[in-house]
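Q: By the count of this note's numbering, the sequence shown reaches residue 401 at its end, each step adding exactly one.
I'd like to ask you about the structure that follows.
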Amino acid sequence: MARSRLWLMIAVGLSILVLALSNAVLSDHYMLLSFVLLMAVMLPLFVRFERRKLEARELVLLAMLAAIAAVSRIPFAALPSVKPVSAIVILSALVFGSEAGFIVGAMAALVSNIYFGQGPWTPWQMFAWGMMGVSAGLLRNTWWMRKRLGLLTFGLIWGFLFGWIMNLWVVIDLAVALEWKAVLAVYAQSFYFDLAHALSNVFFLAILAGGWIKVLERFRKKYGLLDSG
173 MARSRLWLMI AVGLSILVLA LSNAVLSDHY MLLSFVLLMA VMLPLFVRFE
223 RRKLEARELV LLAMLAAIAA VSRIPFAALP SVKPVSAIVI LSALVFGSEA
273 GFIVGAMAAL VSNIYFGQGP WTPWQMFAWG MMGVSAGLLR NTWWMRKRLG
323 LLTFGLIWGF LFGWIMNLWV VIDLAVALEW KAVLAVYAQS FYFDLAHALS
373 NVFFLAILAG GWIKVLERFR KKYGLLDSG
């Protein structure tokens with residue numbers, strides 16, 4: 173019954189998305205379309221997480237991880253694209269699963285922008301870091317993610333993926349979504365920022381992975397936190 177309701181919500185969301193798509197394209201409201209699209213994608217994940225029966229200590233743990241990830245952006249504010257947020261999101265998902273990774277990533281973006289400033293980029297950051305957590309959680313039991321080289325490569329790849337996702341809102345904001353030369357120019361100009369993010373992911377994962385995973389695994393096993401994540 174619960175699963176059928178979830179799929180019903182997804183179907184309704186997709187229907188709204190289709191209507192918004194047709195209207196937005198016809199009227200050039202690309203930014204509105206982007207928000208509808210992001211909400212349609214993220215809503216099922218938030219609903220799925222909300223329906224889980226979580227203990228108070230599990231919620232506190234997730235809130236703490238999201239807060240740590242959010243605060244970790246501040247000391248590196250002067251260094252564009254260099255931030256430990258992605259590493260914290262990935263490591264949280266490796267231990268507690270994809271749903272926890274999504275919540276930590278999405279909330280880290282929302283909370284940290286209280287300091288950096290909210291704007292049309294916030295939902296895109298929530299989506300990008302959330303999907304980073306989801307993918308890390310889904311792959312956490314694979315042989316690739318269990319190897320140090322695989323984990324670092326994952327962080328490297330997501331440094332570029334994050335930037336490519338964020339470029340979408342820039343393209344939409346500039347209303348050049350259908351002008352491919354302008355789109356390619358935006359992506360080309362972001363290359364060095366994306367590279368900096370990718371390399372910083374490798375750096376922070378290299379220095380944090382061992383200690384963080386051990387500590388979080390100890391909490392998970394001792395208190396049975398988010399075992400089904």
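Positions of the beta carbon are idealized from the N, C-alpha and C atoms, including for glycine.
Everything numeric in this text was worked out from a predicted model, so none of it was measured.
(1) First and last residue of the alpha helix (DSSP H) that includes L313?
(2) Would the region 364-377 and the region 318-337 be scored as touching if the rule is three or more Cβ pairs under 8 angstroms?
(3) Can you check which of these residues, F334, L266, K353, is closest to W384 by C-alpha distance?
(4) Within the chosen definition, does the region 300-309 reach the region 278-289 through at least 3 CB pairs nearer than 8 angstroms?
(5) Between A228, P247, V254, A241, which has its C-alpha nearest F332's C-alpha?
(6) In terms of residue numbering, what span does the alpha helix (DSSP H) encompassing R320 cover?
(7) Taking P256 and F365 to be in contact with their CB atoms under 8 angstroms, please state how far apart those CB atoms are, rounded to whole angstroms.
(8) Quick check on S199: does DSSP put it in helix, strand or coil?
(9) Rounded to whole angstroms, what is the Cα-Cα separation between A412 and A357?
A: Reading off the structure:
(1) Numbered from 1 along the sequence shown, position 141 holds the residue referred to as residue 313. Residue identity differs from the one stated: residue 313 is Asn in this sequence, not Leu. Where N313 is concerned, there is no enclosing alpha helix (DSSP H), given that its DSSP letter is neither H nor E.
(2) yes
(3) Counting from 1 along the sequence shown, the entry for residue 384 is found at position 212. Per the Cα distances, L266.
(4) yes
(5) Looking up residue 332 in the sequence shown gives position 160. Ranking A228, P247, V254, A241 by Cα distance to F332 puts V254 first.
(6) Against the sequence shown, residue 320 aligns to sequence position 148. Its alpha helix (DSSP H) spans residues 320-345.
(7) Within the sequence shown, numbered from 1, the residue matching residue 256 stands at position 84. Within the sequence shown, numbered from 1, the residue matching residue 365 stands at position 193. At roughly 16 angstroms, the Cβ-Cβ gap does not stay under 8 angstroms, so P256 and F365 are not in contact.
(8) Residue mapping note: residue 199 aligns to position 27 of the sequence shown, counting from 1. In this predicted model, S199 has a pLDDT of only 46, less than 50, meaning its place in the structure is not dependable; the value taken from the coordinates is given anyway. Correct three-state label for S199: helix.
(9) For the chain, the structure presents residues 173 to 401; residue 412 sits outside this window and is missing.
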